[in-house]
Structure formats: structure tokens, C-alpha cells
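In the numbering used here, the protein residues as written are 50 to 350.
These notes concern the structure reproduced below.
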């Protein structure tokens, strides 16, 4: 099995920015937080603690889908997590990992691509592959761990109960975010287009957009059917209605930012006036000011 390290990767996710050096093994706190959770039948995820808990943070939720031909996983967490991901998978199946779907380019979602054999088919949106090609980790020999298969708008792999549908609806977190749907189970993995109940990180250096974000989510809500369960990017699984509410939240943030800018308020003033108690009392505010600032900058271009 090939293993690699990601050197000097800077990961900016949510309220946390951290420099990742040579890959280290997961800490006890990280291992405790990264349990294997059964979603439905042959679909599981390996939990990814939210970035506000730095001691236990391991990267995104890793989807684990067991089909007749083998296991497809969604994302690979931070560097150094490949062996743990495989150990978790072996507790429920002896089938090999045959495919990896990377939801987007960030190091907490693609960090352990290099831990898997060359036979594994790595799949991502074409923009995500282009973004990954600019990362230090995928230069030189690391290019072997870039996506092998890309798509533009929609792609399906597998068939019957083993079918997986991939969708791209436009920019948001980055310009290459993939929504992964398991139609036989009524489950969607959103990656960081729905990472947590808080404002998302809009990575404009990789094509993200706070202005486009609500529209992209609205297209996903309208374009995907038959789903009742959601695996978000970093928090425990939740419901489709929570995903729909997340779209409304981002639309409300954008509307408040537009109104604040038009009335001469600063981004900080507009954020302070935004009332989460009406519709979003359970939401965090760690990233709210950053979201207003990002949207303001984009609207003023």
C-alpha cells in the first residue's frame, strides 16, 4: 500500500486555520471523536469533529458506502488518517476500497488520498481537480493522488442499489463542490456546502462565492429529490429539512449583507444587526462576521 505525507499544507476551515506538517498519527482525542456511525444499511460515515474543537478535529466526515464490487469512500480527512480510515472500514467489511470521491479541494478532505492503492479510482469535479493541481501536496510524485475521473454537472457510478449520483450546481464553498446522493437509501453527503450550523467558509481563492452560495444551494434543493437524511461536512448526520433551512439561512445572510451595504453600514454593523433568534436559534456564530466580510468584499468588486 502506498502512503504519503502532505508537507506544509495550510488548511483554512471554519473558524480554524492550521498548518499541517509531516503527517502524524491521530491523537487519542481525535480517535475518540472519529467513530464509525451507521447511517442506513450499507452506508456509514467516520465522524469529523467540528473545527471549533481543535483537540479532536480530524477533517471532514468520511462517507463509507459498501457495494458488491467494493467500498466507495467520500473524502479522506487530514494527512495521516489513511490507516485509521481503513481500520474503521474493516470493522464492517473486508471488501477493498475501490473509489474515493473528493467533495472539494481542501486538505481536511483530500489529506489522506495518498494512503490508498493506485488501483483506487479518485473522482471529483473538474474544477476540484484543477484546484488540487495547485496544492503543494499534489506536485511531482504527489500527482498520482489527483482525481482520475472528473465530471462537469452530473455523473453516476454503479447501478441498482449500488448507484451513487454526483451533482455540481455552481460555486459556493469553492467552485468545484460535489453533492453525493445515494438514491437507494435517500441519503446525501453535502461536503462543506453544508458543513455545520453556522456560516460557511467561502474560499474565494478556490472560486468560492458568498453571493452565489444561496443560489447554488437552492439549485441543489430543487434538483435533488427522494432524500431524507443528510451527512454534512463536519457535524453529525441530520435531516433534509435542516439542509433546506441552511439554504434559507445563507439567503438571509446575503440579504442582510446587501441591505447593510446599501444603508452604509460596515460589515461588522450589519452582522451585529442580524437576528438568529428568528429561525436559527441553534446556530453558532463563529464564522458569521467572516461571512459578512466576504460577501461585502464580493459585492464591492
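We treat Cβ as the ideally placed atom computed from N, Cα and C, and that holds for glycine.
Residue from the options with nearest C-alpha to residue i
i, options, result
"residue 101", "284, 124, 133", "284"
"residue 281", "188, 140, 168, 292", "292"
"residue 125", "160, 88, 141, 329", "160"
"residue 348", "253, 217, 122, 209", "253"
"residue 145", "153, 172, 113", "113"
"residue 136", "150, 178, 156, 165", "165"
"residue 151", "185, 194, 142, 306", "194"
"residue 307", "205, 344, 334", "344"
"residue 121", "130, 128, 314, 138", "138"
"residue 132", "109, 80, 86", "80"
"residue 205", "185, 183, 232", "232"
"residue 214", "224, 201, 182, 223", "201"
"residue 190", "167, 209, 129", "167"
"residue 115", "185, 179, 87", "87"
"residue 323", "305, 315, 313, 311", "305"
"residue 142", "85, 216, 300, 156", "85"
"residue 301", "350, 286, 325", "325"
"residue 157", "209, 103, 203, 192", "103"
"residue 172", "320, 180, 199, 319", "199"
Status (buried if at least 16 other CB within 10 Å, exposed otherwise) for residue i
i, result
"residue 241", "buried"
"residue 248", "buried"
"residue 340", "buried"
"residue 90", "exposed"
"residue 107", "buried"
"residue 140", "exposed"
"residue 148", "buried"
"residue 330", "exposed"
"residue 327", "exposed"
"residue 98", "buried"
"residue 77", "exposed"
"residue 261", "buried"
"residue 336", "buried"
"residue 68", "Here residue 68 scores only 34 on pLDDT, less than 50, and its place in the model is too uncertain to base an answer on."
"residue 346", "exposed"
"residue 258", "buried"
"residue 226", "buried"
"residue 178", "buried"
"residue 272", "exposed"
"residue 109", "buried"
"residue 192", "exposed"
DSSP three-state assignment for residue i, whether helix, strand or coil
i, result
"residue 67", "Bear in mind that a pLDDT of 34 at residue 67, under 50, signals an unreliable position, so the number given afterwards is only what the model happens to contain. Correct three-state label for residue 67: strand."
"residue 313", "coil"
"residue 212", "coil"
"residue 160", "coil"
"residue 295", "helix"
"residue 95", "strand"
"residue 345", "helix"
"residue 133", "helix"
"residue 320", "helix"
"residue 56", "At residue 56, the pLDDT of 27 sits below 50, so the modelled position is not reliable; the number obtained from the coordinates is stated separately. In the structure shown, residue 56 sits in coil (DSSP, three-state: anything other than H, G, I, E or B)."
"residue 284", "coil"
"residue 254", "helix"
"residue 204", "strand"
"residue 308", "helix"
"residue 179", "helix"
"residue 335", "coil"
"residue 83", "coil"
"residue 218", "coil"
"residue 120", "strand"
CB-CB length for residue i against residue j, believed under 8 Å
i, j, result
"residue 170", "residue 197", "5 Å"
"residue 83", "residue 95", "6 Å"
Spatial neighbours of residue i in its chain, beta-carbon cut-off 7 Å, leaving aside the 5 residues before and after
i, result
"residue 267", "296"
"residue 276", "230, 235, 236, 237, 289"
Cut-off 8 Å between Cβ atoms - residues of its own chain near residue i, not counting five sequence neighbours on either side
i, result
"residue 117", "211"
Close-in-space but distant-in-sequence residues of the same chain around residue i (CB under 6 Å, 5 per side omitted)
i, result
"residue 218", "265, 268, 269"
"residue 53", "Residue confidence for residue 53 is low, a pLDDT of 29 falling below 50, so the modelled location carries little weight and cannot support an answer."
"residue 61", "Here residue 61 scores only 42 on pLDDT, less than 50, and its place in the model should not be relied on; the value that follows carries that caveat. Counting only Cβ-Cβ distances below 6 Å, and skipping sequence neighbours, we find nothing."
"residue 298", "329"
Residue i at chain D interface by Cβ criterion, 8 Å
i, result
"residue 213", "You won't find chain D in this structure, because it holds only one protein chain."
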